[in-house]
Structure formats: structure tokens, C-alpha cells
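Numbered per my numbering, the sequence shown finishes at 70, counting up by one with no gaps. Ideal Cβ positions, reconstructed from N, Cα and C, are used throughout, including at glycine. Since the structure is predicted, the reported quantities are computational estimates derived from the model, not experimental observations.
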Amino acid sequence: MDASGMLCPLPVLRARRKLDGLNTGDTLIVKATDPASVHDMPAFCSMAGHKLIIAREEADLFIFEIQKG
Numbered sequence: 002m003d004a005s006g007m008l009c010p011l012p013v014l015r016a017r018r019k020l021d022g023l024n025t026g027d028t029l030i031v032k033a034t035d036p037a038s039v040h041d042m043p044a045f046c047s048m049a050g051h052k053l054i055i056a057r058e059e060a061d062l063f064i065f066e067i068q069k070g
């Protein structure tokens, strides 16, 4: 899911909406440009019971792989 150009809290809200449509154990890749997502996405995963598999930065892009809990 591409959340490039979106500011907090939109990347998390869009990720939550996409994850709602997935089955438990499915994964979602989120790409964001907002530096706040580095803190917001792990916090969201922890609170919502999802597993943050990967969190990395490539150039100015933050990439998260989330497994639905």
C-alpha cells in the first residue's frame, strides 16, 4: 500500500483499513514518506495485535511489512 505523501495519521489509518480486509497471518507492505510513521506504525501494530516484520528506510521512503494478528 502506497502512503507516500500522506501525513500522520493517514498512513496508519489506511494501513488499518487494508488490514481489516485481510485474513489473520496475511501480510501488508506499507510505503510511507512521513518520518512520523517510523514511530506511529510500530505503535499501531503493538496496540492492534499485529506483528511488524520489517521496518526499513530506503532513501526517503519508509517501508513496513505487517502481518495481521
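Distance between Gly22 and Ala16, taken at the CA atoms: about 10 angstroms. Straight through space, the alpha carbons of Asp27 and Ser5 are spaced by roughly 22 angstroms. Taking 8 angstroms as the cut-off, the beta carbon of Thr34 is found no closer than this to the beta carbon of Lys69. In this structure, the alpha-carbon of Glu58 lies about 20 angstroms from that of Ser47. Across the set Asp41, Ala56, Ile55, the C-alpha of Asp41 shows the shortest separation from the C-alpha of Ala49. DSSP, reduced to helix, strand and coil, places Asp21 within a helical segment of the structure shown.
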